[in-house]
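First the structure, in the form of structure tokens, and then the observations on it.
In this note's numbering, the protein residues as written are 18 to 178.
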């Protein structure tokens with residue numbers, strides 16, 4: 018919401034957003050992932066995040082954006098930081114809830130915004146799942162461990178993360 022607000026506040030009065038540009042929204046992971054913050058508790062449902070994404074699409078369309086792409090989330094319980102933790106199944110379930118709700122909201126938005134707004138979906142989760150299931154097909158040798166700060170990572174091009 019902050020980035021959308023910052024963007025729209027920079028549009029000069031009596032003008033609109035560039036109708037030929039592609040606006041990409043990819044959000045939600047930070048709402049759900051464990052954090053060391055003392056003030057923020059990760060969301061346990063997708064409701065707030067989905068409402069924020071829906072509002073962001075509506076705001077962009079309202080300022081004249083015509084091409085908006087919304088990206089779903091990869092399975093958060095399969096990230097190196099969360100894989101095998103007590104939170105991994107909860108995060109997998111939350112990802113599924115998020116992605117299903119996002120698809121439903123985007124279908125409603127397409128109907129409400131009409132044909133003047135080109136609302137696109139990018140299913141990054143399907144690609145993510147394919148890479149994790151068969152890393153060799155994508156020229157990776159490791160699709161579970163991070164390369165950064167990993168002494169075993171002598172060839173970063175072989176790591177998905």
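Cβ coordinates follow ideal geometry from the N, Cα and C atoms, glycine included.
Collapsed DSSP secondary structure at residue i in the structure displayed
i, result
"residue 26", "helix"
"residue 84", "strand"
"residue 176", "strand"
"residue 40", "strand"
"residue 129", "helix"
"residue 167", "coil"
"residue 145", "helix"
Residue i burial status per 10 Å Cβ neighbour count (16 or more: buried)
i, result
"residue 78", "buried"
"residue 144", "exposed"
"residue 155", "exposed"
"residue 57", "exposed"
"residue 63", "buried"
Nearest-angstrom Cβ-Cβ length linking residue i and residue j, presumed shorter than 8 Å
i, j, result
"residue 136", "residue 74", "7 Å"
"residue 40", "residue 68", "Not quite, the Cβ-Cβ distance comes to about 18 Å (not below 8 Å), so this is no contact."
"residue 133", "residue 76", "Rounded, the Cβ-Cβ distance is 16 Å, inconsistent with contact."
"residue 45", "residue 66", "5 Å"
"residue 92", "residue 146", "7 Å"
Residue i versus residue j - alpha carbon distance
i, j, result
"residue 108", "residue 36", "36 Å"
"residue 19", "residue 60", "18 Å"
"residue 161", "residue 33", "43 Å"
"residue 54", "residue 140", "29 Å"
"residue 89", "residue 112", "9 Å"
"residue 170", "residue 152", "16 Å"
"residue 180", "residue 148", "An answer regarding residue 180 cannot be provided, because it is not within the stretch 18 to 178 covered by the chain."
Per DSSP, cross-strand counterpart(s) of residue i
i, result
"residue 138", "87"
"residue 69", "According to DSSP, which records beta bridges pairwise, residue 69 is partnered with nothing at all."
"residue 159", "176"
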